[in-house]
Amino acid sequence: MLAKVFVTLREGVLDPQGKAIHHATTTIGYQGITEIRQGKYFEITFDDSLDKAQAQEQLEKLAHDVLSNPVIEDYEIQLSAD
Amino acid sequence: MKFGVVVFPGSNCDHDTYHVISKVIGQPVDFIWHKQESIEGFDAVILPGGFSYGDYLRSGAIARFSPVMQAIKRFASDGGLVLGICNGFQILCESGLLPGALLRNRDQKFICEHVNVRVEHTETPFTSAYSADQVLRVPIAHGDGNYFCDDATLRELESNQQILFRYSDAKGEISESANPNGSLNNIAGVCNRERNVLGLMPHPERAAEDVLGSHDGLAMFHSMTVALREKLKSK
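Chains as they are written, first to last, in the numbering used here: chain E, 2 to 83; chain P, -11 to 223.
1. Report yes if the CB atom of C137/P is closer than 9 Å to the CB atom of V72/E, and no otherwise.
2. Residues of the stretch 90 to 109 of chain P with a CB closer than 8 Å to any CB of chain E: list them in chain order, please.
3. Given a threshold of 16 other Cβ atoms within 10 Å of its Cβ, counted over all protein chains shown, does D204/P qualify as buried or as exposed?
4. If contact is defined by three or more beta carbon pairs under 8 Å, each pair taking one atom from either stretch, is the stretch 144 to 164 of chain P in contact with the stretch 98 to 108 of chain P?
5. Using only the alpha-carbon positions, how far apart do G68/P and P113/P sit?
6. For N184/P, which residues of its own chain have a beta-carbon under 6 Å away from its beta-carbon, when the five flanking residues on both sides are left out?
7. Taking the alpha helix (DSSP H) that I27/P belongs to, which residues open and close that run?
8. If you reduce the DSSP assignment to three classes, tell me which class N174/P lands in.
9. Sort out for me which residues DSSP pairs G(-8)/P with in a bridge.
10. Quick check on I76/E: buried or exposed, where buried means 16 or more other Cβ atoms within 10 Å of its Cβ?
11. Under 9 Å between the Cβ atoms of I13/P and L71/P?
12. In angstroms with no decimal places, state the Cα-to-Cα distance between S83/P and L186/P.
13. Find the residues of chain E that neighbour G187/P, judging by a C-beta separation of less than 8 Å, and give them in chain order.
14. Would the beta-carbon of E25/P fall within 9 Å of that of P(-3)/P?
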C-alpha cells in the first residue's frame, strides 16, 4: 500500500524559495505565473499487516506530528486503494 | 552546580559551549549524548548550535525525537534552566518547548556575520547580568533563522515580555534594515512563559572572549550561574 503526503507552507507564511523560483521563471521568459510555492512530497510504503483504515490513522498522526510542523505547514494525504 | 551540553549527531558548537563554561566562566560541565534517557545531576542544559541530523526534514525536526529530549521536557517543566542556541533554538521550537518556528531566511542566504542585538528584558535567569536596552555585538550563522508565529502568539509573546532579544542597529534602534533574516518584529530570541527556557539564533558562546572580537555573550552564562547559585542555596 502506497501513500503520498504533500506538505505545504500555510497561507501567509513567507516562502523565499518559491519566490526565488518564481523570479527565475519570469527572468527566463515564462509568462502568466502569479506565484510559485514550494512544498515537500513523501512516498510512504506500508506492508500487508495493516488495513486501509489503520494505515490512514497512522498517516494522519505521522503527517501531523513528524512530516509537518503545524505552526507553519499544512498537509494532504493520498492513500491508494490497492 | 553542573552544566550539561547536549550532543546530537551534527552538533558543531558543542565544544565551543563546553569551552566557555569550563574555561571562561570556570563551572563544572559535561557533555550529554542525545541517546541518554536521563539528565539527572545536571542543573542547566544547553542545546548547542549545529546541524543536528543534517537539518533533514526541517531544522531540529528529527532531533526533537531523540531520547534525551523527553528528559529535557521533564526537566524544563520542573523549572530547570534550558538554553537553546541557533540549532538548539530550532529544536526547542520543534519540540514545543518554545512557541513559533524558524523559517528559511528572507533572502535565502546562509548568513554568517556579527549583528547587533538589543536586550529587551533583564528579569530572567539568562539576562540578569545585562542592562535593559543594552546592545550586544554577537555573531549569527544560520540559514533558517526567520522567526515566525501566528498573530495571537505574537501578541502573547509581546504582552508577557517573552521576547528577550531583538535585532537592532548599533544604537539599539529596531528597524527593518537591522533585521538580517526577516524575523517577525526583529525577534532574535524568545523565552517561555515561565522564563526558564530560552532560545536564540545569535551565538553567545562565540562572543565570550576578547580574542574573538566580543565578549558580549559572556553575561548570559554569568546570569545562568547566578540563577543556579541562588537556586541551589535555597534548596
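Just so it is clear, CB atoms sit at the ideal spot from N, CA and C, and this is done for glycine as well.
So, to answer that:
1. Cβ atoms of C137/P and V72/E: closer than 9 Å.
2. For the stretch 90 to 109 of chain P, which is checked against every Cβ of chain E, the residues closer than 8 Å are L91, R92, N93, R94, D95, Q96.
3. buried
4. yes
5. Their backbone Cα atoms lie some 11 Å apart in a straight line.
6. Sequence-distant partners of N184/P (beyond 5 residues in either direction) whose C-beta falls short of 6 Å from its own C-beta, in its chain, are G67, L69.
7. I27/P -> no alpha helix (DSSP H), and no H or E assigned at all.
8. helix
9. D18/P, V33/P
10. With the sequence shown as reference, residue 76/E is identified as Tyr, and Ile is not the correct amino acid for it. Buried: at least 16 other Cβ atoms inside 10 Å.
11. no
12. 13 Å
13. Neighbours of G187/P on chain E: none; closest Cβ ~14 Å, over 8 Å.
14. no
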